[in-house]
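Here's the structure we're looking at; comments come further down.
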Amino acid sequence: MCSLMPNFMCEIKSIGVIGSGAMGLGIAEHFLISGYNVSVIDSQLENLNKGFFLLKEKINKYGIKNKLSSQEIESILDRCLFSTSYSLLKDRDVNFVIEAVYEDIEVKSKVFESVVQYVDEKVILATNTSSLSIEELAGFVQSPERFLGVHFFNPVKHMPLVEIIPHSLTHIDVIQIVKSLISNTQKVGVVCKDSPGFIVNKLLIPMINQAGQMLDKGIACPQDIDRAMTLGAKIPMGPLKLADFIGLDIVVAIQNILYHEEKNDYYKPAKCFASLVEKGCLGLKTKKGIYDYE
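Mapping of the sequence shown onto my numbering: position 116 corresponds to residue 488, and the numbering continues sequentially without gaps.
Written as structure tokens, this is what we have:
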């Protein structure tokens, strides 16, 4: 039973995903195989077309792994539509929208300015930001009580955690609806206050950055730093290998946010990371970062 003001949809059936990059497609795939209708919006046609074929490939692999028939695979794919137009959100009665575009507050604000033109006030809106202020982003959303952070981790299908981050005006029932949505799709939701880096990145990114600062000082080579942490701290992937996996551009962006907010040199991005980003060596996605993947 929901008693909401305004009358938010208590049961989410149709999902809108803004952005067809790695995170957007991962989120779309997750909700698709969980039984939801999904609408993927990307203003760049080239990105959208690429995303369409990548998602189709992901669902086909999922179907083969789970021994689904070709008809069952096609049925899943039929529940997902792609468009460059936000009007698709209205056409498909989307009642939960999550953006997963570039980690830039100006880019994200423009997304929400477009979204609110095509959905009414009962539609819950979320950002997948990994570090930006939810409170600040809420300022770009009409009816901010329906807005919150819903942070999935990459790769979405393998990472069970989702951080749920309300801001000061988020309606309590919106939090509960989103917690139920996350739980219903076999993920674990944790609620935390709006704070730079939230929970995971506030702990993880500084550790990665400290590994980078060790490189800056010549304390050890990348292989030995990673080997020390995997064997000595029993983490599954060394911090420098993980930095390449996440993307050095993302690591530096989050670190800059933490540094700006905390005003502490401990959070200042490692020089080796910043230098590699300037050269376009972003890690695994560019085949070169701390390690060479060619």
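By construction, the Cβ of each residue, glycine as well, lies at the ideal position given by its N, Cα and C atoms.
As the structure is a computational prediction, the values presented were derived from the model and not from experiment.
Would you check if the distance between the CB atom of residue i and the CB atom of residue j is smaller than 9 angstroms?
| i | j | result |
| --- | --- | --- |
| residue 426 | residue 397 | yes |
| residue 574 | residue 537 | no |
| residue 603 | residue 662 | no |
| residue 653 | residue 584 | no |
| residue 424 | residue 454 | yes |
| residue 445 | residue 469 | no |
| residue 623 | residue 641 | yes |
| residue 464 | residue 415 | no |
| residue 570 | residue 521 | yes |
Between the Cα of residue i and those of the options, spot the shortest distance and give me the residue it belongs to.
| i | options | result |
| --- | --- | --- |
| residue 402 | 586, 570, 630, 532 | 532 |
| residue 472 | 393, 409, 635, 496 | 393 |
| residue 526 | 395, 660, 385 | 395 |
| residue 493 | 546, 623, 529 | 546 |
| residue 560 | 568, 528, 457 | 528 |
| residue 475 | 542, 666, 619, 448 | 619 |
| residue 428 | 409, 452, 407, 413 | 452 |
| residue 576 | 522, 409, 610, 477 | 610 |
| residue 434 | 530, 617, 621 | 530 |
| residue 413 | 430, 456, 407 | 456 |
Which whole-angstrom value describes the C-beta separation of residue i and residue j, a residue pair presumed to lie in contact below a C-beta threshold of 8 angstroms?
| i | j | result |
| --- | --- | --- |
| residue 507 | residue 540 | 6 angstroms |
| residue 399 | residue 389 | 5 angstroms |
| residue 655 | residue 600 | Incorrect: roughly 20 angstroms between the Cβ atoms, too far for contact. |
| residue 503 | residue 578 | Not confirmed; about 12 angstroms, so no contact. |
| residue 386 | residue 466 | 5 angstroms |
| residue 535 | residue 479 | Not really, about 20 angstroms apart at Cβ, beyond 8 angstroms. |
| residue 544 | residue 509 | Rounded, the Cβ-Cβ distance is 19 angstroms, inconsistent with contact. |
Straight-line CA distance for residue i to residue j?
| i | j | result |
| --- | --- | --- |
| residue 375 | residue 657 | Only weak support is given to the placement of residue 375: the predicted model assigns it a pLDDT of 44, under 50, and the question is left unresolved by the model. |
| residue 605 | residue 593 | 17 angstroms |
| residue 647 | residue 629 | 18 angstroms |
| residue 639 | residue 432 | 42 angstroms |
| residue 550 | residue 524 | 13 angstroms |
| residue 649 | residue 659 | 13 angstroms |
| residue 675 | residue 443 | As shown, the chain starts at 373 and ends at 666. That puts residue 675 outside it, with no answer to give. |
| residue 421 | residue 581 | 35 angstroms |
| residue 664 | residue 500 | 29 angstroms |
| residue 552 | residue 384 | 9 angstroms |
| residue 458 | residue 419 | 15 angstroms |
| residue 518 | residue 498 | 8 angstroms |
| residue 596 | residue 449 | 44 angstroms |
| residue 632 | residue 505 | 12 angstroms |
| residue 542 | residue 461 | 22 angstroms |
| residue 651 | residue 447 | 44 angstroms |
| residue 686 | residue 634 | In the structure as shown, the chain begins at 373 and stops at 666. Residue 686 is therefore absent and cannot be evaluated. |
| residue 666 | residue 617 | 14 angstroms |
| residue 373 | residue 563 | Low per-residue confidence applies at residue 373: pLDDT is 38, beneath 50, and the placement is therefore not dependable, though the value from the model is reported in the following sentence. Straight-line Cα distance between these residues: approximately 22 angstroms. |
| residue 515 | residue 391 | 22 angstroms |
| residue 407 | residue 430 | 15 angstroms |
| residue 636 | residue 409 | 45 angstroms |
| residue 598 | residue 621 | 20 angstroms |
What I want to know is whether the C-beta of residue i ends up closer than 8 angstroms to one or more non-hydrogen atoms of the ligand SAH.
| i | result |
| --- | --- |
| residue 433 | Ligands displayed in this structure: none; no statement on the ligand SAH is therefore possible. |
Cβ pair count under 8 angstroms reaching 3, the region 473-491 against the region 543-559: Because the criterion of three Cβ pairs below 8 angstroms is not met, the region 473-491 and the region 543-559 do not touch.
Three CB pairs or more closer than 8 angstroms across the region 583-598 and the region 432-439: Inter-segment contact for the region 583-598 and the region 432-439 is absent: fewer than three beta-carbon pairs are separated by less than 8 angstroms.
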